[in-house]
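Engineer: The structure is given below, and queries will be raised subsequently.
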Amino acid sequence: MKFVKPVAGILFLGLSALPALAEPFVRGTVDEISTQPQRLTITHEAIPNLGMEGMTMVFRLADPAMLDNLAVGQEIEFEADRINGRLTVTTLREPS
Ligand SMILES: [Cu+2]
2 MKFVKPVAGI
12 LFLGLSALPA
22 LAEPFVRGTV
32 DEISTQPQRL
42 TITHEAIPNL
52 GMEGMTMVFR
62 LADPAMLDNL
72 AVGQEIEFEA
82 DRINGRLTVT
92 TLREPS
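Quick note, our numbering runs 1 ahead of the 1-based positions in the sequence shown.
What follows is the structure, encoded as structure tokens:
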């Protein structure tokens, strides 16, 4: 029985990684940049993995460095997820 726990743990990690890989990039526009605390107000298109329609809202940031080289009015593409119950930008890139 001792080996059951590690195997179950690995299985759980494998499954929990799947939704993260499936997150779609979402287009948005930067409306406001806050550095204290670090937040981003984004007008975004629908975010299917969060069940959201397009709207303007405030996000937390997974990495403070995401604010570097970012300007109000800029078009962005990003991934967002709920981290510890808070809506967070997990990946940020320039539109392709
Ligand atoms: Cu939203």
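Note that the Cβ used here is the ideal one computed from N, Cα and C, for glycine as well.
None of the values given here were measured: they were computed from a predicted structure.
Determine the direct distance from the alpha carbon of residue 36 to that of residue 81, and round the result to whole angstroms.
Structural biologist: Residue 81 and residue 36: Cα-Cα distance of roughly 19 Å.
Engineer: What does the alpha-carbon distance come out to for the pair residue 73 and residue 96?
Structural biologist: Distance between the alpha carbons of residue 73 and residue 96 is about 15 Å.
Engineer: Using a Cβ-Cβ cutoff of less than 8 Å, which residues in the same chain neighbour residue 26 once the five nearest sequence positions on both sides are dropped?
Structural biologist: Excluding residues within five positions, the ones whose Cβ falls inside 8 Å are 78, 79, 80, 92 and 94.
Engineer: So which of 38, 53 and 70 has the shortest CA-CA distance to residue 45?
Structural biologist: Per the Cα distances, 53.
Engineer: Roughly how many whole angstroms lie between the Cα atoms of residue 41 and residue 50?
Structural biologist: Cα to Cα, the separation comes out at about 19 Å.
Engineer: Roughly how far, in whole angstroms, is the beta-carbon of residue 90 from the beta-carbon of residue 63, given that I think they are within contact range, below 8 Å?
Structural biologist: Confirmed, about 6 Å.
Engineer: Thinking just about the alpha-carbon of each residue, which of 67, 34, 43 and 66 is nearest to the one in residue 28?
Structural biologist: Answer by Cα proximity: 43.
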